[in-house]
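Asks:
In the numbering used here, the protein residues as written are 414 to 489.
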């Protein structure tokens, strides 16, 4: 019996697994944006968020700053 999501995907037809992977990526991207927005509202810096995601501050700022609309102005 599969123990992980990866095990489950590997047990499927490759094309079916690829479709499920694509859907998971869409869901994870959306959830990542939500969590970045929440972190910014709570006052987290781009540097802290970047560290949590394992990317550079510049990369996370470039990817999310325009989408979230949350720059420093929301921090009190």
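For each residue, glycine too, the CB sits at the ideal point set by N, CA and C.
Indicate whether residue 422 and residue 440 have their beta-carbon atoms separated by less than 8 angstroms.
Replies: no
Asks: Taking 8 angstroms as the threshold (beta carbon to beta carbon), is residue 471 in contact with chain B?
Replies: Absent from the structure is chain B; it holds one protein chain and no more.
Asks: What is the DSSP secondary structure of residue 440, reduced to helix, strand or coil?
Replies: helix
Asks: Applying the 10 Å Cβ sphere with the 16-neighbour rule, what's the burial state of residue 453?
Replies: buried
Asks: With distances taken from CA atoms, which of 463, 420, 426 and 430 is nearest residue 445?
Replies: 463
Asks: Take residue 480 as the anchor and find which of 460, 450 and 461 has the nearest alpha-carbon.
Replies: 450
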